[in-house]
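**Q**
Protein chains: 2
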Amino acid sequence: MLKGNLVVGQSGGPTAAINASLCGVIEGAMASGFDGKILGMVHGIEGLLKENFIDLGEIFADPADREKLVKTPSAYLGSCRKKLAKPEVDPTDYNAAFEVFKKHNIRYFLYIGGNDSMDTVYRLSEYAKKIDYDICIMGVPKTIDNDLNVTDHCPGYGSAAKFIATAIREMARDTRVYDMNSVLIVEIMGRNAGWLAAASALARGEGHPSPELIYLPEAPFKMDEFLEDVDALVKQKKVVIVAISEGIRDENGVYVCESTASGAVDVFGHKYLSGAGKVLENAVRDKLGYKARAVELNVFQRCAAHLASKTDLTESRAVGKAAAEAAISGMTGRMMAYVRESTNPYKLSVAPCDIAEAANIEKMVPREWLNERGNDVTEEFVAYARPLIEGESYPEYEDGLPVHIIRP
Amino acid sequence: MLKGNLVVGQSGGPTAAINASLCGVIEGAMASGFDGKILGMVHGIEGLLKENFIDLGEIFADPADREKLVKTPSAYLGSCRKKLAKPEVDPTDYNAAFEVFKKHNIRYFLYIGGNDSMDTVYRLSEYAKKIDYDICIMGVPKTIDNDLNVTDHCPGYGSAAKFIATAIREMARDTRVYDMNSVLIVEIMGRNAGWLAAASALARGEGHPSPELIYLPEAPFKMDEFLEDVDALVKQKKVVIVAISEGIRDENGVYVCESTASGAVDVFGHKYLSGAGKVLENAVRDKLGYKARAVELNVFQRCAAHLASKTDLTESRAVGKAAAEAAISGMTGRMMAYVRESTNPYKLSVAPCDIAEAANIEKMVPREWLNERGNDVTEEFVAYARPLIEGESYPEYEDGLPVHIIRP
Numbered sequence: 000m001l002k003g004n005l006v007v008g009q010s011g012g013p014t015a016a017i018n019a020s021l022c023g024v025i026e027g028a029m030a031s032g033f034d035g036k037i038l039g040m041v042h043g044i045e046g047l048l049k050e051n052f053i054d055l056g057e058i059f060a061d062p063a064d065r066e067k068l069v070k071t072p073s074a075y076l077g078s079c080r081k082k083l084a085k086p087e088v089d090p091t092d093y094n095a096a097f098e099v100f101k102k103h104n105i106r107y108f109l110y111i112g113g114n115d116s117m118d119t120v121y122r123l124s125e126y127a128k129k130i131d132y133d134i135c136i137m138g139v140p141k142t143i144d145n146d147l148n149v150t151d152h153c154p155g156y157g158s159a160a161k162f163i164a165t166a167i168r169e170m171a172r173d174t175r176v177y178d179m180n181s182v183l184i185v186e187i188m189g190r191n192a193g194w195l196a197a198a199s200a201l202a203r204g205e206g207h208p209s210p211e212l213i214y215l216p217e218a219p220f221k222m223d224e225f226l227e228d229v230d231a232l233v234k235q236k237k238v239v240i241v242a243i244s245e246g247i248r249d250e251n252g253v254y255v256c257e258s259t260a261s262g263a264v265d266v267f268g269h270k271y272l273s274g275a276g277k278v279l280e281n282a283v284r285d286k287l288g289y290k291a292r293a294v295e296l297n298v299f300q301r302c303a304a305h306l307a308s309k310t311d312l313t314e315s316r317a318v319g320k321a322a323a324e325a326a327i328s329g330m331t332g333r334m335m336a337y338v339r340e341s342t343n344p345y346k347l348s349v350a351p352c353d354i355a356e357a358a359n360i361e362k363m364v365p366r367e368w369l370n371e372r373g374n375d376v377t378e379e380f381v382a383y384a385r386p387l388i389e390g391e392s393y394p395e396y397e398d399g400l401p402v403h404i405i406r407p
Numbered sequence: 000m001l002k003g004n005l006v007v008g009q010s011g012g013p014t015a016a017i018n019a020s021l022c023g024v025i026e027g028a029m030a031s032g033f034d035g036k037i038l039g040m041v042h043g044i045e046g047l048l049k050e051n052f053i054d055l056g057e058i059f060a061d062p063a064d065r066e067k068l069v070k071t072p073s074a075y076l077g078s079c080r081k082k083l084a085k086p087e088v089d090p091t092d093y094n095a096a097f098e099v100f101k102k103h104n105i106r107y108f109l110y111i112g113g114n115d116s117m118d119t120v121y122r123l124s125e126y127a128k129k130i131d132y133d134i135c136i137m138g139v140p141k142t143i144d145n146d147l148n149v150t151d152h153c154p155g156y157g158s159a160a161k162f163i164a165t166a167i168r169e170m171a172r173d174t175r176v177y178d179m180n181s182v183l184i185v186e187i188m189g190r191n192a193g194w195l196a197a198a199s200a201l202a203r204g205e206g207h208p209s210p211e212l213i214y215l216p217e218a219p220f221k222m223d224e225f226l227e228d229v230d231a232l233v234k235q236k237k238v239v240i241v242a243i244s245e246g247i248r249d250e251n252g253v254y255v256c257e258s259t260a261s262g263a264v265d266v267f268g269h270k271y272l273s274g275a276g277k278v279l280e281n282a283v284r285d286k287l288g289y290k291a292r293a294v295e296l297n298v299f300q301r302c303a304a305h306l307a308s309k310t311d312l313t314e315s316r317a318v319g320k321a322a323a324e325a326a327i328s329g330m331t332g333r334m335m336a337y338v339r340e341s342t343n344p345y346k347l348s349v350a351p352c353d354i355a356e357a358a359n360i361e362k363m364v365p366r367e368w369l370n371e372r373g374n375d376v377t378e379e380f381v382a383y384a385r386p387l388i389e390g391e392s393y394p395e396y397e398d399g400l401p402v403h404i405i406r407p
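Those protein sequences? They're chains X and L, same order as listed. Read in order, the letters of the first sequence correspond to residues 0 to 407 in numbering that gives the first Met the number 0. Read in order, the letters of the second sequence correspond to residues 0 to 407 in numbering that gives the first Met the number 0.
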């Protein structure tokens, strides 16, 4: 065991389960007999560079506070969207980071995040080898998008999926309340991978026929077929619920959303999207003459901790714990991942994986998990996703509202 | 006690508590020794005219099913937005309704709904007197808008308020995750009365400063003051959450939302609104240069039964029960309403009120419950609303999703 301190950070978009993983890291370090400090970097790698640390070992000494942490949405430590340049292009941030590591005798580095964050983990671990600095660097996956390679699924996805399926079930009842033709289009996050919109299929069950149609970016969106399908379904059932990924696109790869033309991009060069639902709403109204309404589930789908999946929180906590324990036992440059042992009964284990295989690769919904027409998912997807939303994990309530634990 | 059958219907926009009131009506009838049938009209008054009835006494004989009914969102019986013409203008619907009453020997009529539904109740009860048909007609209030006159608050409002406050609290944590200037604008239902947006104030508490600004239709919206306030707050706190009613308007009464110009109206002649949040988002981005995002809570705020207020469900059930009991004991032409006995400790009773005073009058948030600048609510509002969101009432879950009871 290296003598020194551990630092953990959270990065990228928040989820309802990212603090469960943070709690797992803290508990993994506590359980390992590690005797250094457990530090948290405030706002990810940006906080590291500013030496903005808090002492998590001290703050979360009381197990009751750790339970509150697990049920608090968004990143307790704050997050950032900073992407490190390639060290061969600009080594400034790497030199600065390792200066901080040396100054604070940091020997364990855990980073909880998605694709871009795993890229950071990978580059830092490679750089450590290059400059021969002894440090164990481990990644903990996190993303509601469920698009990380290697791991069976991603911490945070199950809670988002449970929220989406519940929202669809409740909104479908709402829409079905009038005896009239009506189309509700629910726009769900997912730029490239359709995992979140696919989760809408879980809403189905006895007495719950919706959503009637599901469109993901993994299959080209054909407006004429969409209108044909909606028309036939409205004639048959009056009320039709359509779930779509924000990133659906046509056969030429052109996004359905209007705002593509604006060319706006985020700091990672991803196109900023919004409005695919609105486009379909207008198409249904104008071309078919039906009452139509588009609803965006928006940021709420990633922070609705009041409806978190117990399975997700339990697993997210476990993967954080395993990553900390692995780092402390000397492992470096890897991401701790989920391995599905079996689906029926559902059984999961965690295991380290090659971080190069995890970073910068987006895992898509397999095309064979969509039907041929590309307007629904198959039973294979449902069997895969169903266990991930199992169980409820209610937060404490005070004055009628969920209790969160807030960084001092 | 009149010898005959009872019919109950649900009308207007659904809520998370309207089925609790339906359950209360069923239980009130069951408890009163009444020996007729308890019929439900499917899709409100439209179902009545079509003689589309189901036997609720039979369907809900098992108390376990009634518990499921209480926790099922949207109107179990289906709803309608039909507005009866004034009988002196067109008596067709009245004649038809009373033909149905006679044919099915209906002697008790209970209607659960909002402003427009209470208008229907009032007109039917007046018509009954005019044609001298013995029937007891009672209204049960319902609206997330909380804008019914006479009653202290409206069944359904507490659950919507709890959802809104929870969503704001969770989304505020999400927005605050990055160390950067950012403005989140949350658009909340409320065309004329700002009760729902006002409920966002309940999200505040220790460690929860948001929302920073709240705008209701009850005070004129001044764009220059809004931008001034946002700018000062961003400079001070970086992240600012703004809660607005969809129906905010300027000093001349012009709606902030863009779509006013379209002139679209619903069947009651109300202007169809959307987009006030988007207008403010663009203003913040263009005029102040801050990152801004507008989120609409949309239909979800009225059907999120998974997060219902226990207080609301309990009261909604009680007011339905009291209305049925009153009808069966001979009362007619009245609405059963909430009377607040005290706020601290919170104590509520139900009492009949004059339906003419309830119908067609929208109760606004008192101007003195907004601050002088019109950008927040006062402690008086918070004291009024806080008890209404107390307590959780979780539905059963099966396969990770809430169980609803569906009309056969």
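Virtual Cβ for every residue (Gly too), placed ideally from N, Cα, C.
1) May I ask which residues mark the beginning and end of the alpha helix (DSSP H) holding X/Pro415?
2) Taking CB distances under 8 Å as the criterion, tell me whether X/Gln79 reaches chain L.
3) Measure the C-alpha to C-alpha separation of X/Lys428 and X/Ile44 and round it to an integer number of angstroms.
4) To the nearest angstrom, report how far apart X/Thr313 and X/Ser20 are at their CA atoms.
5) Give me the Cα-Cα distance between L/Arg366 and L/Glu217, rounded to the nearest whole angstrom.
6) Quick check on the DSSP output: the beta strand (DSSP E) that includes L/Thr71 runs from which residue to which?
7) Within 10 Å of its beta-carbon, does X/Gln300 have 16 or more other beta-carbons around it, so buried, or fewer, so exposed?
8) Secondary structure at X/Phe220, three-state DSSP: helix, strand or coil?
9) In terms of DSSP beta bridges, what is X/Phe458 paired with?
10) Let me know if L/Met179 comes out buried or exposed under the rule of 16 or more other beta-carbons within 10 Å of its beta-carbon.
11) Starting from X/Thr165, find everything on chain L with Cβ-Cβ shorter than 7 Å and list it in chain order.
12) Between the beta-carbon of X/Ala197 and the beta-carbon of X/Val7, is there less than 8 Å?
13) L/Tyr110 versus chain X: which residues are under 9 Å apart at the beta carbon?
14) Rounded to the nearest angstrom, how far is the Cβ of X/Ser428 from that of X/Ile388, given a contact under 8 Å?
15) Strictly under 8 Å for the Cβ-Cβ distance: is L/Val24 near chain X by that measure?
16) Considering only residues of the segment 143 to 178 of chain X, which uninterrupted alpha helix (DSSP H) runs meet the minimum length of 4 residues and lie entirely inside it, listed in chain order?
17) For chain L, is any of its Cβ atoms less than 8 Å away from the one on X/Asp173?
18) With DSSP as the reference, identify every bridge partner of X/Tyr396, one or two as the case may be.
19) Roughly how many angstroms lie between the CA atoms of X/Gly332 and X/Thr377, to the nearest whole one?
20) Measure the alpha-carbon distance for L/Ile327 versus L/Gly12 and round it to whole angstroms.
21) Is X/Ile405 close to chain L? Criterion is C-beta to C-beta, closer than 8 Å.
22) So X/His42 contacts chain L; which residues on that side make the cut at Cβ distance below 8 Å?
23) Quick check: L/Ala242 and L/Ser31, are their CB atoms within less than 8 Å of each other?
24) At the 8 Å Cβ level, is L/Arg301 part of the contact set with chain X, yes or no?
25) Please report the straight-line C-alpha distance between L/Ile360 and L/Asn114, rounded to a whole angstrom.
26) Across which residues does DSSP place X/Ser315 in a beta bridge pair?
27) Cα separation between X/Ala16 and L/Ala275?
28) Quick one: using the 10 Å Cβ neighbour count with 16 as the cut-off for buried, is X/Asn4 buried or exposed?
29) In three-state terms, what does DSSP make of X/Ile17?
30) For L/Leu387, does the three-state DSSP call read helix, strand or coil?
31) In chain order, what residues of the segment 375 to 390 of chain X put their CB closer than 9 Å to some CB of chain L?
32) Using a Cβ-Cβ cut-off of less than 9 Å, give me the residues of the segment 139 to 154 of chain X that come near chain B, in sequence order.
33) Listing by chain order, which chain L residues have their CB less than 8 Å from the CB of X/Arg366?
34) For X/Pro216, would you say it is in contact with chain L, using Cβ-to-Cβ distances shorter than 8 Å as the test?
35) Excluding the 5 residues preceding and the 5 following X/Gly189 in the sequence, name in chain order all residues of the same chain whose CB lies nearer than 8 Å to its CB.
36) If you pair each beta-carbon of the segment 280 to 287 of chain L with each one of the segment 132 to 142 of chain L, do three or more pairs fall below 8 Å?
**A** With the structure as the only source:
1) Residue 415 of chain X lies beyond the residue range present for chain X, which begins at 0 and ends at 407; the question has no answer from this structure.
2) Reading the sequence as shown, one finds Cys at residue 79 of chain X and not Gln. X/Cys79 counts as touching chain L.
3) Because chain X here runs from 0 to 407, residue 428 of chain X falls outside it and cannot be looked at.
4) Looking at the two C-alpha atoms, the distance is approximately 9 Å.
5) Going from the Cα of L/Arg366 to the Cα of L/Glu217 covers about 6 Å.
6) From DSSP, L/Thr71 is part of no beta strand (DSSP E); its letter is neither H nor E.
7) Classification of X/Gln300: buried, given that the 10 Å Cβ count is 16 or more.
8) Under the three-state reduction of DSSP, X/Phe220 is assigned to coil, being neither helix nor strand.
9) The structure shown has nothing for residue 458 of chain X, since chain X only spans 0 to 407.
10) So L/Met179 counts as exposed.
11) Taking the beta carbon of X/Thr165 as reference, the chain L residues within 7 Å of it are His305, Leu400 and Pro401, listed in sequence order.
12) In this structure, X/Val7 does not lie closer than 8 Å to X/Ala197 by Cβ.
13) Contact note: L/Tyr110 does not reach chain X at a C-beta cutoff of 9 Å; the least C-beta distance is about 15 Å.
14) Shown here, chain X extends from 0 to 407; a query on residue 428 of chain X therefore has no answer.
15) No - not a single Cβ of chain X is within 8 Å of the one on L/Val24.
16) Listed in chain order, they are 156 to 174.
17) It does: the Cβ of X/Asp173 has a partner Cβ on chain L nearer than 8 Å.
18) Looking at the DSSP assignment, X/Tyr396 forms a beta bridge with X/Pro401.
19) Each residue's alpha carbon lies about 36 Å from the other.
20) Rounded to whole angstroms, L/Ile327 to L/Gly12 spans 27 Å at the Cα level.
21) So, interface residue.
22) Within 8 Å Cβ-Cβ: Tyr177 and Asp178.
23) Between L/Ala242 and L/Ser31, the C-beta gap is not smaller than 8 Å, which leaves the two residues out of contact.
24) Answer yes: the Cβ-Cβ gap between L/Arg301 and chain X drops below 8 Å somewhere.
25) Looking at the two C-alpha atoms, the distance is approximately 7 Å.
26) For X/Ser315, which the question treats as bridged, DSSP gives no partner whatsoever.
27) Rounded to the nearest angstrom, the two C-alpha atoms are 32 Å apart.
28) The residue is buried, with at least 16 neighbouring Cβ atoms inside 10 Å.
29) In the three-state reduction of the DSSP assignment, X/Ile17 falls in the helix class.
30) Reduced to three states, the DSSP call for L/Leu387 is helix.
31) Here the close residues are Arg385, Pro386, Leu387, Ile388, Glu389 and Gly390.
32) Annotation note: the requested chain B is absent from the structure, which comprises protein chains X and L.
33) Residues of chain L passing the Cβ test: none, with the nearest at roughly 26 Å.
34) For X/Pro216, not one C-beta of chain L is nearer than 8 Å to its own C-beta.
35) Non-local C-beta neighbours of X/Gly189 in its own chain, meaning closer than 8 Å and more than five positions away in sequence, comprise Asp144, Leu195, Ala196, Leu215, Pro216, Ser244, Glu245 and Gly246, ordered along the chain.
36) Two segments are said to touch when three or more pairs of C-beta atoms, one from each, lie closer than 8 Å; by this definition the segment 280 to 287 of chain L does not touch the segment 132 to 142 of chain L.
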